[in-house]
Every structure is written in structure tokens, then in C-alpha cells.
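Visitor:
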Amino acid sequence: MEDNIVKILEKVKNGEISVGDALLEIKKEPFADIGYAKVDLHRQIRQGTAEVIYGAGKTPKQIIGIVDIMLKNKQNTILITRLSKESAEIVGKAYKMDYHEDARIGIIGEIPKPTGIGKIIVATGGTSDIPVAEEAALVAEALGNEVIRLNDVGVAGLHRLLSHMDEIMSASVIIAVAGMEGALASVIGGLADCPVIAVPTSVGYGAAFNGLSALLSMLNSCSSGVSVVNIDNGFGAGFTASRINHMNLKTEVK
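Per this note's numbering, the very first residue in the sequence shown carries number 8; after that it's consecutive.
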């Protein structure tokens, strides 16, 4: 879709079509109505990132229908989040898809080359946090970012995190994923000179209240520069990190 807009603008520049005709072409079919969904075809133009399919609650048939519209409109990389294994098996028969079961992510098309200004680090407090962290990491990679994974570097063994200070200090954005008391985000926030996105997970014993304890800890962090997304929201963290890592594109356009 974005390539089509560029071609239209080039035609205007070359005098092949008028400004009015170009505007009409751009306005055509901003979304595709397929009954059960209105697929947003202009989102990449507005926001720089194409629509992402939320797989939970959708039937495989519905997902296939949405994917079909996206492919017809030349969306090169399609992300499907919260996709169950059962649905992935059916969708995978219709389209070639790379499915990541732990993260519940399906990716149709190629992962683009990194275009961000730097590297995004995704760090987990423990191994149990990896599924949420992988959702964040895969989303960031699919949106054109170089991602470094630091797994199992929680505060119960602080030396594990400190052994990665070179990576931490060179990152453009850090995603800190942790359950239990969620202390990892505050520690990283006190070490790093870049934005830190905290992701509380539902990992923990009874008093962790399925991630509420980590969420409140992260919201009350005394470290500056720490922002928090919802419990288990790896997608939101990966998406926001990508936005931060691509801020240079706005400067270049101006």
C-alpha cells in the first residue's frame, strides 16, 4: 500500500496525473469490508505500521479471510498475535506461516531488515517469562528492529544482569519482562540511559495475584524513564519499542 502511494506521488511530480486525481486514488478504499471485519488498508499510511491481526476469538476461517485481503493489498509482513496452536495448523495450510507456539505468534511473509536507529533489548526476570518476552521480541523484529534477548537475568541473581552492562548501555530501548514482584524494571531503569518499557507477567505464587503485584510495583518504580504496559502485553511493549526506535524517520521526512 505504501509503495502504491509513493508511485502515485511520483506520477504527480512527473506531471502524469493531476493533484485531484492523485487525491482520489489515495482516498479509494481506505478499508475493506468483508462482513465480519473491516480491514484497515490505510493504517500503514497513517501510522507507519500495517494492521496486526489479533487471533484470539477469531475463527481460522475469519483469520484466513483477513490475511487474504492484506496480501491482495500488498502487505509484505503479516502479524497474527494470540494465535492458538489449533488455529495455526489450519491457517498454516492456507498460507506459508512461521508459527511460534510459546509466543502464540504467527508471521506470514518475510521479517524485514532492521531499519531502527539502534538495538532493542528484551530482558526477562526468569525463564517462565520467556513466552511474553518472545511475543515482544518477535513483534519488534517483524516491525524492522534488531533485537537482543537477555533471558533469566532477574534480581535473585543480580550478577547475571550486570554481566550484560555493555548491551544495556548500548541499547536504544529496553523491554523488561518480569513477574513475581516485578523488580527487574526498576533495576534496569536505574542502570540504562534509554527508555525502559516494563511488562508485568502473570508469573508468580498466590500473592502475585496473576501479575497484579508486578504491575503495581512497576507503576510505582522510583527509576526515571520507566513506562508500563498491561499484564502479559508483550505485543504492546514490542510495538511501542519499535515506535521509539524509529523516531529518526520523522526527522528525515521533515
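For every residue, glycine included, the Cβ atom is placed at its ideal position computed from N, Cα and C.
Return the CA-CA distance between His-166 and Lys-68, expressed in angstroms with no decimal places.
Guide: Taking the sequence shown and counting its residues from 1, one reaches residue 166 at position 159. Taking the sequence shown and counting its residues from 1, one reaches residue 68 at position 61. Rounded to the nearest angstrom, the two C-alpha atoms are 49 Å apart.
Visitor: Just to confirm, are Gly-211 and Ser-224 a CB contact at a threshold of 8 Å?
Guide: Position 204 of the sequence shown, counted from the start, is the residue given in the question as residue 211. Position 217 of the sequence shown, counted from the start, is the residue given in the question as residue 224. No, the pair does not count as a contact, with Cβ atoms beyond the cut-off.
Visitor: Put His-253 into one of helix, strand or coil per three-state DSSP.
Guide: Position 246 of the sequence shown, counted from the start, is the residue given in the question as residue 253. Three-state DSSP puts His-253 in coil, outside helix and strand.
Visitor: Evaluate Lys-79 with the Cβ neighbour count: other Cβ atoms within 10 Å of its Cβ, from every protein chain shown; 16 or more gives buried, anything less gives exposed.
Guide: Mapped onto the sequence shown, residue 79 falls at position 72. By the Cβ neighbour-count rule, Lys-79 is exposed, with fewer than 16 other Cβ atoms within 10 Å of its own.
Visitor: In whole angstroms, what separates the C-alpha of Ala-63 from that of Lys-100?
Guide: Numbered from 1 along the sequence shown, position 56 holds the residue referred to as residue 63. Numbered from 1 along the sequence shown, position 93 holds the residue referred to as residue 100. Using only the alpha carbons, I get a separation of about 19 Å.
Visitor: Taking the straight line between their C-alpha atoms, what separation do you get for Met-104 and Cys-229?
Guide: As a position in the sequence shown, residue 104 is number 97, starting the count at 1. As a position in the sequence shown, residue 229 is number 222, starting the count at 1. Their Cα atoms are separated by approximately 42 Å.
Visitor: How far does the alpha helix (DSSP H) with His-166 in it reach, from first residue to last?
Guide: Counted from its first residue, the sequence shown places residue 166 at position 159. That run of the alpha helix (DSSP H) goes 165–169.
Visitor: Drop a sphere of 10 angstroms on the beta-carbon of Glu-142, count the other beta-carbons inside from all chains shown, and report buried for 16 or more, exposed for fewer.
Guide: Within the sequence shown, residue 142 is the residue found at index 135, counting from 1. Burial call: buried.
Visitor: 8 Å is my cut-off, CB to CB: does Lys-14 come that close to chain D?
Guide: Of the protein chains in this structure there is only one, and it is not chain D.
Visitor: Where in the stretch 50–121 do unbroken runs of the alpha helix (DSSP H), each at least 4 residues long, occur, reported from the N-terminal end onward?
Guide: 50–54, 67–79, 92–101
Visitor: If distances are taken between C-alpha atoms only, which option among Ile-73, Val-154, Met-187, Tyr-102 comes closest to Ser-209?
Guide: On the sequence shown, residue 209 is found 202 positions in, with the first residue counted as 1. Comparing Cα positions, the closest option is Met-187.
Visitor: Check the DSSP bridge columns for Ala-130 and list the partner residues they point to.
Guide: Taking the first residue of the sequence shown as position 1, residue 130 is located at position 123. Ala-130 pairs with Leu-157, Ala-183.
Visitor: Which of the three DSSP states, helix, strand or coil, is assigned to Val-233?
Guide: What you label residue 233 is simply residue 226 of the sequence shown in a count that begins at 1. Strand at Val-233.
Visitor: Does the beta-carbon of Ala-130 have 16 or more other beta-carbons within 10 angstroms, so that it is buried, or is it exposed?
Guide: Looking up residue 130 in the sequence shown gives position 123. Classification of Ala-130: buried, given that the 10 Å Cβ count is 16 or more.
Visitor: Rounded to the nearest angstrom, what separates Leu-145 and Gly-22 at their Cα positions?
Guide: The residue given as residue 145 occupies position 138 in the sequence shown. The residue given as residue 22 occupies position 15 in the sequence shown. The straight-line gap separating the alpha-carbon atoms of Leu-145 and Gly-22 is approximately 42 Å.
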